[in-house]
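Novice: Under the UniProt record's numbering, the sequence shown has 158 at position 158, and the numbering climbs by one with no breaks.
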Amino acid sequence: MATAVTERPSAKKHRKPTGLFIPELVFFEPEALKYPKGVRIMEWVKAQNIPYRMTTSHNRITNLPGETELEQYKIAKRTLVVGIRKTLTFDQSKPSADYAIPIATGCMGHCHYCYLQTTLGAKPYIRVYVNTGDVIDAAKKYIEERAPEITSFEAACTSDPLGLEHITGSLAELINFIAGEPLGRLRFVTKYQHVEPLLHLKHNGHTRIRFSVNADYVIRNFEPATARFEERIEAAGQIARAGYPLGFIIAPIIWHEGWQEGYAELLAKLAQALPPEAGKGLTFEMIQHRFTKTAKTVIEKRYPKSKLEMDIEKRKKKWGRWGQHKYVYPDEQQTALREFITERIFEHFPEAGIDYFT
């Protein structure tokens with residue numbers, strides 16, 4: 001039986017589009033300027049009249065402006081660092097893909113719950129790497145070593161690369177490369193809508209582009225500095241019409257007052273907005289909200305007014321892969337969330353697949 005959804009007033013329809021990320025300060029490693037991409041980024045920075053400095057290493061950016069730790073954090077999130085990726089051994093990226101392919105680290109979004117809050121520690125600035133040729137060569141070796149199996153790569157484990165594409169062009173390079181690899185596949189997820197540079201690429205169906213979506217309550221309260229839901233869905237339609245495999249990550253799924261209505265509305269709006277051809281082969285990934293004690297401390301310091309619920313007493317303790325306990329919802333709540341959202345997915349997208357719930 002179809003779920004009734006109450007339409008909310010559309011007062012936001014004519015709001016100004018979410019703009020492209022323009023950093024306020026840029027650092028360059030000297031070696032980065034020996035690469036064509038580094039030179040192009042420097043030319044762009046100068047054309048934008050953005051202040052820039054040189055640095056010995058993209059891993060050691062010090063003396064950022066700001067009188068307090070919180071001010072420095074906010075400035076760091078608007079700081080771009082252009083360097084060379086020296087470590088070309090790829091991390092595993094389960095359950096999303098076989099490996100994480102590194103083209104950027106850090107994100108301009110301010111999602112309160114993001115695991116990058118702790119994994120990036122004192123380095124919340126945004127790093128992009130100019131030696132994408134080396135990264136692609138490394139990916140090629142992974143594909144060859146695993147043949148005849150298909151090898152998949154996730155490009156958004158430590159960043160939102162679409163939000164940086166107008167500066168780097170790195171996603172287009174990866175998409176072009178993987179299009180010519182019969183045993184290679186590429187995936188990335190985004191909260192931004194700026195897909196125009198990717199629409200006319202010859203991707204051969206080897207790149208799956210996924211959009212992170214959520215209930216309206218979650219987006220409004222916990223995802224500052226990202227594209228609005230409507231912008232993401234419009235971009236998803238463009239991606240579907242360009243022939244890319246399409247997917248959605250519903251994450252983090254948050255138990256909140258009215259969560260059933262919120263997630264039912266989310267899936268109904270997706271069904272209304274997407275072209276019919278998008279439903280076939282569509283994938284969903286579902287990730288419940290989780291946090292560590294370290295993340296809780298960092299988030300409460302960086303977003304002191306956040307409404308994000310992180311009550312350890314209400315959670316189930318689970319051992320995490322990085323040597324820390326994480327706190328997830330109790331089994332009863334997990335089951336209720338998974339079953340309800342799964343039913344709504346198949347109600348609207350009967351031909352879709354669910355990759356995982358975690």
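Backbone N, C-alpha and C fix where the C-beta goes; we use that ideal spot for every residue, glycine too.
Tell me the DSSP secondary structure of P276 in three-state form.
Specialist: Helix, per DSSP.
Novice: Taking 7 Å as the threshold (C-beta atoms), are A147 and V82 in contact?
Specialist: Cβ atoms of V82 and A147: not closer than 7 Å.
Novice: Looking only at C-alpha atoms, which of T207, Y192, F291, R40 sits nearest to K326?
Specialist: For K326, the nearest C-alpha among the options comes from F291.
Novice: May I ask which residues mark the beginning and end of the beta strand (DSSP E) holding G38?
Specialist: Unbroken run through G38 is the alpha helix (DSSP H), 36-47; no beta strand (DSSP E).
Novice: Could you check if A215 is buried or exposed, using at least 16 other CB atoms within 10 Å of its CB as the buried criterion?
Specialist: Buried, because 16 or more other Cβ atoms sit within 10 Å of the Cβ of A215.
Novice: Could you pull out every residue in the same chain whose Cβ sits closer than 7 Å to the Cβ of T342, ignoring the five residues on either side in sequence?
Specialist: Hits under 7 Å: I354.
Novice: Excluding sequence positions up to five away, which residues of its chain have a Cβ less than 7 Å from the Cβ of W319?
Specialist: H325.
Novice: Runs of 3 residues minimum, wholly inside the segment 86-169: which ones carry the beta strand (DSSP E) assignment?
Specialist: Complete beta strand (DSSP E) runs here, min 3: 97-100, 126-129, 151-154.
Novice: Is R315 helix, strand or coil by DSSP?
Specialist: Three-state DSSP puts R315 in coil, outside helix and strand.
Novice: Buried or exposed: where does residue 404 fall if 16 or more other Cβ atoms within 10 Å of its Cβ makes it buried?
Specialist: Since the first residue of the chain shown is 1 and the last is 358, residue 404 is not available in this structure.
Novice: Could you check whether H256 and Y303 sit closer than 7 Å to each other, using their CB atoms as the reference points?
Specialist: The answer is no: Cβ separation not under 7 Å.
Novice: For I239, report the span of its alpha helix (DSSP H) as first-last.
Specialist: That run of the alpha helix (DSSP H) goes 229-241.
Novice: Name the two residues that bound the continuous beta strand (DSSP E) containing L80.
Specialist: Start and end: 79-83.
Novice: For the putative contact between Y129 and P161, defined by C-beta atoms under 8 Å, what is the C-beta separation to the nearest angstrom?
Specialist: About 11 Å; that fails the 8 Å criterion.
Novice: Give me the residue from E223, V213, I250, A242 with the minimum Cα distance to I233.
Specialist: I233 has its Cα closest to that of V213, out of E223, V213, I250, A242.
Novice: If you follow the beta strand (DSSP E) that V195 is part of, which residue opens it and which one closes it?
Specialist: Unbroken run through V195: none, as it is neither H nor E.
Novice: Where does T18 fall in DSSP's three states?
Specialist: In this structure, T18 counts as coil in the three-state DSSP scheme.
Novice: Please say whether L308 and A352 have beta carbons closer to each other than 7 Å?
Specialist: Not in contact: A352 and L308 (Cβ atoms no closer than 7 Å).
Novice: Whole angstroms is fine: what's the gap from F27's alpha carbon to E265's?
Specialist: The straight-line gap from Cα to Cα measures roughly 43 Å.
Novice: Count the other CB atoms within 10 Å of the CB of T6; is the residue buried (16 or more) or exposed (fewer)?
Specialist: Low confidence applies here, because T6 scores a pLDDT of 43, under 50, leaving its location unreliable and the question unanswered by this model.
Novice: Starting from Q72, follow the alpha helix (DSSP H) in both directions and report where the run begins and ends.
Specialist: First-last of the alpha helix (DSSP H) with Q72: 69-76.
Novice: Under DSSP, the beta strand (DSSP E) around R210 begins and ends at which residues?
Specialist: Looking at the DSSP string, the run of the beta strand (DSSP E) that includes R210 is 207-213.
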